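Numbering (the UniProt record's numbering), first residue to last: 1 to 159.
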């Protein structure tokens, strides 16, 4: 399960990279020398960007487990009684220190629920304009009737 989850962010980021490159490749130069991207691909790219951080955040929290919200404060690790017990029971994979495990958990907490989530998540959702506006534009550019005509042709339907 974890291995499959680890590939998901890569698939999504490559999808975003691919649609970004396609929007550039399909773009056109204007008479003034400016360059405009392919509008459909640019909006598909932007729409994917609105979803990716939330999906990665959910997966990071899932992989982190309950410690993401129950990890004791730093001062508890310095406590003479609690500290050694926390070190003992929070050991994970061999070669990974409890300190490093705590650091990555705090990073995930900060980026998915803490003060950095405001910029990371909210900016990703609304930074390129409303996702609904992107969906409306994609629907307008989709050329549904043309797709239906092509499907009928491929299926050998004659009307």
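Even glycine gets a Cβ: it sits at the ideal position worked out from N, Cα and C.
Remember, it's a predicted structure, so these values are computed and weren't measured experimentally.
query: Suppose the cutoff is 8 Å on Cβ atoms and the five residues either side in sequence are ignored; what does the same chain contact list for residue 52 look like?; result: 9, 12, 13, 16 and 124
query: Just to check my reading of the structure: residue 102 and residue 71 have Cβ atoms closer than 8 Å, yes? What is that Cβ distance to the nearest angstrom?; result: 6 Å
query: So what does DSSP say about residue 71, is it helix, strand or coil?; result: coil
query: Under 8 Å, do residue 7 and residue 44 count as touching if we go by C-beta distance?; result: no
query: Does the distance from the CB of residue 161 to the CB of residue 99 come in under 8 Å?; result: With the chain running from 1 to 159 in the structure shown, residue 161 is simply not present.
query: Using DSSP with H/G/I as helix, E/B as strand and the rest coil, what is residue 29?; result: strand
query: Helix, strand or coil for residue 35, going by three-state DSSP, please let me know.; result: strand
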